[in-house]
Amino acid sequence: MNKLGVLLLACTVGLLALLAPLSLSLYLAQKQGREAVMSSLHEVANDVLERARLQRAQINAAISQLNQQPPQAFCSSQQLQDMHRLVLGYRYIVGMAGMAGSTLLCNTLQAQTEPLALGAFSGPDPSGLRFWNKVQLPGLPDQVFAVVARDNYAAIIHPDFALDLLNQQSSVSSAFLQTRLRSIIGQRGVVKEQWVQRYSGDGKALEFEDDGYFVVIVPASNSETAALAAQSSSVVAERVRRLALIIAPLGLVLGLLLAALVAYLARRRLSLKGELQAALERDEFFIEYQPIIDLHNGRCVGAEALARWRTQGGKLISPSVFIPMAEANGLIQRITARVMEIVVRDAAELLRADERLHIAINLSSEDLKTQDAEQRLKKLSEEAGMGPRSLMVEITERGLMDPDKSRAVLLAVRANGFQVAIDDFGTGHSSLSYLATYELDYLKIDKMFVDTLGTDAPTSLVTMHIIELARSLGLQMIAEGVENPLQRDILRKHGVQYAQGWLFGRPMSIQQLREFIDQHPGDGTGDVAESQAAGGFNAG
Numbered sequence: 012m013n014k015l016g017v018l019l020l021a022c023t024v025g026l027l028a029l030l031a032p033l034s035l036s037l038y039l040a041q042k043q044g045r046e047a048v049m050s051s052l053h054e055v056a057n058d059v060l061e062r063a064r065l066q067r068a069q070i071n072a073a074i075s076q077l078n079q080q081p082p083q084a085f086c087s088s089q090q091l092q093d094m095h096r097l098v099l100g101y102r103y104i105v106g107m108a109g110m111a112g113s114t115l116l117c118n119t120l121q122a123q124t125e126p127l128a129l130g131a132f133s134g135p136d137p138s139g140l141r142f143w144n145k146v147q148l149p150g151l152p153d154q155v156f157a158v159v160a161r162d163n164y165a166a167i168i169h170p171d172f173a174l175d176l177l178n179q180q181s182s183v184s185s186a187f188l189q190t191r192l193r194s195i196i197g198q199r200g201v202v203k204e205q206w207v208q209r210y211s212g213d214g215k216a217l218e219f220e221d222d223g224y225f226v227v228i229v230p231a232s233n234s235e236t237a238a239l240a241a242q243s244s245s246v247v248a249e250r251v252r253r254l255a256l257i258i259a260p261l262g263l264v265l266g267l268l269l270a271a272l273v274a275y276l277a278r279r280r281l282s283l284k285g286e287l288q289a290a291l292e293r294d295e296f297f298i299e300y301q302p303i304i305d306l307h308n309g310r311c312v313g314a315e316a317l318a319r320w321r322t323q324g325g326k327l328i329s330p331s332v333f334i335p336m337a338e339a340n341g342l343i344q345r346i347t348a349r350v351m352e353i354v355v356r357d358a359a360e361l362l363r364a365d366e367r368l369h370i371a372i373n374l375s376s377e378d379l380k381t382q383d384a385e386q387r388l389k390k391l392s393e394e395a396g397m398g399p400r401s402l403m404v405e406i407t408e409r410g411l412m413d414p415d416k417s418r419a420v421l422l423a424v425r426a427n428g429f430q431v432a433i434d435d436f437g438t439g440h441s442s443l444s445y446l447a448t449y450e451l452d453y454l455k456i457d458k459m460f461v462d463t464l465g466t467d468a469p470t471s472l473v474t475m476h477i478i479e480l481a482r483s484l485g486l487q488m489i490a491e492g493v494e495n496p497l498q499r500d501i502l503r504k505h506g507v508q509y510a511q512g513w514l515f516g517r518p519m520s521i522q523q524l525r526e527f528i529d530q531h532p533g534d535g536t537g538d539v540a541e542s543q544a545a546g547g548f549n550a551g
């Protein structure tokens, strides 16, 4: 073989060596990209079905409760009050109504004066539920509801609630379908009629590509309904394009390995997860403490520990930013552990000196899936020589979504003497069912309800119902976000025991908290020196 032939062969082999890994990588990238999109769409569809299942279960439970109540005048003022209180216990229901056939006679969302004919309904389903979609109530022209009835009562719901997924990307479309009629009950984003008609209703999941979209349809267990999720196929094209930009310049396997290493190091340093990991390693987290006041004597009984992040450059990162970041990247348990360590380091001496004081620590949903947080809390308090009642844990409904795990953890927490408070009650993240399922000590009234006290806002009545509910369950109450004396006085008058907010003191350092506690030993009136509390410890 002459020199030219050898050169041509070498060029050919070299070209093949360059193109083979490139072609294989592009093929794998396209295949994995499609599988990732389909898997993500299945997750969205299953989330929609689960929310719809929970919603239907709550509707049946609410109507059953009304049917079991003692006889009273139908649609009377007393019955509407009972319905309103019932709504507070169900997260997925916005109102209840009295029905006669297909006519809505009264409801809790408005002062209805005339019967409202809803027309033909869908159903009934196997449980006897009848459905009306796209219902507009006369007094609420800008809102569209769905009405779901059984017997003489109905629940009023938002038709797209099952589609309102916290973790859903904006590029994902979704819909809730009635399979028998092949109709759309509610939808988000682009949902084409041809996709709905393509589903046979055979009870099996369906995947297909159509008109530039990847589409997944997943049926419910009863096959009466299904969830659809769709995303533009340009998502896979973008994945392939990004990978090609890395592979093409570098070429061979060595280039791919080097690119992967560089990409890994860059992602670790620049990604949110990498920043959080670095912050934990550099000890950039610290704690501020917001005082909690006994409303009956003005004594400071403790504080809530609030995690703060200050970067090496001195920039403060808001908890509303880094807490969701930590949850999404699997680092929230490490942050909780760091908070516990800092609280014990800061406050152990203070808490040992006065066993009446406590510090509240927030636990995430991940913390309630294992015994790690409970065991760490016990170990740290024992090593510091503190009594268990010196520490309280605060939880939200998101932490209670897996009752098999979270209930066992909370039972262990309380068995060790630590107190438990449920946070954000009444904001759409807590419900009466959780109060009945779990053993709790405190209920925290959210700031959004405290803000309505002393005003004509309709939700001010909800605040009173929450207080009444907590009292009936034997729970002590802590009101959040108290900003003026009128709110404090109303809360105290209605039996709320404790409060926190800028009226008493803003978040502060541990040294400022010690001084604050010394200055607020309790004078028997419940009045706090507001100017000093609000201005003297402005930790901002």
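In my numbering, the protein residues as written are 12 to 551.
For every residue, glycine included, the Cβ atom is placed at its ideal position computed from N, Cα and C.
Every value quoted in this text rests on a predicted model; they were computed, and no experiment measured them.
{"Asked": "Run of the alpha helix (DSSP H) containing D93, from where it starts to where it stops", "Found": "88 to 99"}
{"Asked": "8 Å Cβ cutoff met for A359 and A384", "Found": "no"}
{"Asked": "E315 - DSSP class collapsed to helix/strand/coil", "Found": "strand"}
{"Asked": "Straight-line gap, A289 to L65 (C-alpha atoms, nearest Å)", "Found": "40 Å"}
{"Asked": "Limits of the unbroken beta strand (DSSP E) element including T474", "Found": "Where T474 is concerned, there is no enclosing beta strand (DSSP E), although the alpha helix (DSSP H) it sits in stretches over 470 to 483."}
{"Asked": "From S471, A423, Y509, residue whose alpha carbon lies closest to that of K389", "Found": "A423"}
{"Asked": "Where R363 falls: helix, strand or coil (DSSP)", "Found": "helix"}
{"Asked": "Euclidean distance between Cα positions of S194 and R62", "Found": "19 Å"}
{"Asked": "Buried/exposed call for S392, threshold 16 Cβ in 10 Å", "Found": "buried"}
{"Asked": "Cβ neighbour criterion (16 or more within 10 Å) applied to D357", "Found": "buried"}
{"Asked": "Proximity winner among A56, L52, M519, Q530, relative to A231 (alpha-carbon distances)", "Found": "A56"}
{"Asked": "Three-way DSSP call (helix, strand, coil) for D415 in this model", "Found": "helix"}
{"Asked": "Rounded Cβ spacing between V159 and V146 (contact assumed at less than 8 Å)", "Found": "About 10 Å; that fails the 8 Å criterion."}
{"Asked": "At least three beta-carbon pairs within less than 8 Å, the segment 418 to 434 to the segment 321 to 340", "Found": "no"}
{"Asked": "Closest by C-alpha distance to H95, when choosing among H476, F460, P518", "Found": "H476"}
{"Asked": "Within 8 Å, strictly: CB atoms of R319 and I298", "Found": "yes"}
{"Asked": "Top-ranked residue by Cα proximity to Q487, from I478, N495, V493, E494", "Found": "I478"}
{"Asked": "Classification of K215 by the beta-carbon crowding that lies within 10 angstroms, buried from 16 upward", "Found": "exposed"}
{"Asked": "Residues that A108 bridges to, as DSSP identifies them", "Found": "N118, A165"}
{"Asked": "Local conformation of D434 per DSSP, three classes", "Found": "strand"}
{"Asked": "L52 CB to nearest heavy atom of the ligand GTP below 7 Å", "Found": "Of ligands this structure carries none, so the ligand GTP is not represented either."}
{"Asked": "Assigned secondary structure, P399 (DSSP; H/G/I helix, E/B strand, else coil)", "Found": "helix"}
{"Asked": "Selection from D413, G492, D529 that minimises the alpha carbon distance to L514", "Found": "G492"}
{"Asked": "Buried or exposed by the 16-neighbour rule on C-beta atoms within 10 Å, applied to K5", "Found": "Nothing can be reported for residue 5, as the shown portion of the chain is limited to 12 through 551."}
{"Asked": "Pair within 8 Å by beta-carbon distance, I370 and S401", "Found": "yes"}
{"Asked": "Own chain residues within Cβ distance below 8 Å of L192, not counting five before or after", "Found": "S133"}
{"Asked": "Candidates R345, P149, G139, of which the one nearest N71 by Cα", "Found": "G139"}
{"Asked": "I334 to A73 span [Cα, whole Å]", "Found": "35 Å"}
{"Asked": "CB-CB length for I406 against D434, believed under 8 Å", "Found": "7 Å"}
{"Asked": "Under 8 Å between C-beta atoms of L188 and V207", "Found": "yes"}
{"Asked": "Backbone CA spacing between D415 and E377 [nearest angstrom]", "Found": "13 Å"}
{"Asked": "At least three beta-carbon pairs within less than 8 Å, the segment 74 to 84 to the segment 456 to 464", "Found": "no"}
{"Asked": "Limits of the unbroken beta strand (DSSP E) element including K145", "Found": "141 to 146"}
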